[in-house]
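I have placed the structure first, in the form of structure tokens, so that the comments after it can refer back to it.
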Amino acid sequence: MRRITAGLVGLILPLMALAGPVNVNTADAETISRELKGIGLAKARAIVQFREQHGAFELPEELLKVKGIGPRVLADNRNDIKVSD
Numbered sequence: 002m003r004r005i006t007a008g009l010v011g012l013i014l015p016l017m018a019l020a021g022p023v024n025v026n027t028a029d030a031e032t033i034s035r036e037l038k039g040i041g042l043a044k045a046r047a048i049v050q051f052r053e054q055h056g057a058f059e060l061p062e063e064l065l066k067v068k069g070i071g072p073r074v075l076a077d078n079r080n081d082i083k084v085s086d
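Using the working numbering, you'd call the opening residue of the sequence shown number 2 and step up by one each time.
Right, dumping it as structure tokens:
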């Protein structure tokens with residue numbers, strides 16, 4: 002059993018490292034909610050809707066304009082958010 006667990010951990014950890022930052026200007030709601038901490042599907046959909054109505058985010062701080070996204074969520078995800086490729 003320990004070998005199986007160790008093997009699974011060995012497979013999963015490299016995949017987690019591949020996730021990388023999420024481009025909130027191109028990602029869909031499911032990706033945003035899956036990859037960013039404290040953002041469920043409803044908030045992720047609000048991000049996508051805001052982006053569609055107002056255009057691309059130029060700075061991560063502009064996410065604070067989205068209802069439900071506060072300073073804590075932004076701070077928790079600072080290194081995982083990008084706005085350009």
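Glycine is no exception: its CB is placed at the ideal position from the N, C-alpha and C atoms. Because the structure is a prediction, the values reported are computed rather than measured.
Check	Outcome
Through-space distance from Gln-50 to Asn-78, alpha-carbon basis	20 Å
Proximal residues to Ala-43 (C-beta, below 8 Å), its chain only, five neighbours per side dropped	Gly-69
Beta-carbon separation (whole angstroms), Leu-75 vs Leu-64, contact threshold 8 Å	6 Å
Span of the alpha helix (DSSP H) around Glu-150	Any answer about residue 150 is impossible in this case: the structure gives the chain only from 2 up to 86.
For Asn-80, the three-state DSSP class (helix, strand or coil)	helix
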